[in-house]
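Report on the structure given below.
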Amino acid sequence: MKELEKYFLLDEFEDGWGMDDEFICEEQLFDYCVEVLFIPDEKIDELNMRNDELEIVLKDLELEDMHEDWYVNLVKNSKEN
24 MKELEKYFLL
34 DEFEDGWGMD
44 DEFICEEQLF
54 DYCVEVLFIP
64 DEKIDELNMR
74 NDELEIVLKD
84 LELEDMHEDW
94 YVNLVKNSKE
104 N
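Sequential numbering from 24 applies to the sequence shown in the working numbering.
Rendered as structure tokens:
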């Protein structure tokens, strides 16, 4: 069985979250992922901003997660790695 993708890069963001600001704190990244992308907080392993791209690393993924709306949208909106 193929392992679920855990690494995602996003370069397009919802307006009003300041994701294009020069300084972005980890709490802001976490809030964006939970409140805008609807990623369950227990699935988030690591978040970073690299060259205006949000790097998301997930953990503890289960087969059922691949059918969840938040995961499907993350796969659709992620840049190719």
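Glycine included, every Cβ here is placed at the ideal spot set by N, Cα and C.
Could you give the DSSP three-state label for residue i: helix, strand or coil?
| i | result |
| --- | --- |
| E28 | coil |
| L33 | strand |
| L97 | helix |
| F53 | helix |
| E58 | helix |
| D92 | helix |
Under the rule that 16 or more other beta-carbon atoms within 10 Å means buried, what is residue i, buried or exposed?
| i | result |
| --- | --- |
| L86 | exposed |
| L60 | buried |
| P42 | Note that residue 42 is Met in the sequence shown, not Pro. M42 comes out buried. |
| F31 | buried |
| M24 | Any answer about M24 is weak, because its pLDDT of 46 lies below 50 and its placement is not dependable; what the coordinates show is given next. With fewer than 16 Cβ atoms within 10 Å of its Cβ, M24 is classed as exposed. |
| K66 | buried |
Measuring alpha carbon to alpha carbon, tell me which of the options ends up nearest residue i.
| i | options | result |
| --- | --- | --- |
| E53 | E78, K99, M89, L84 | As written in the sequence, residue 53 is Phe, which differs from the Glu given in the question. When each option's Cα is compared against that of F53, the closest is E78. |
| D7 | E76, L97, E58, L27 | Residue 7 lies beyond the stretch modelled for the chain, which goes from 24 to 104, so this question has no answer here. |
Segments of 3+ residues assigned as beta strand (DSSP E) that fall wholly inside the segment 65-90
Counting only runs of 3 or more residues that sit fully inside the segment 65-90, the beta strand (DSSP E) segments are 67-73, 76-81, in chain order.
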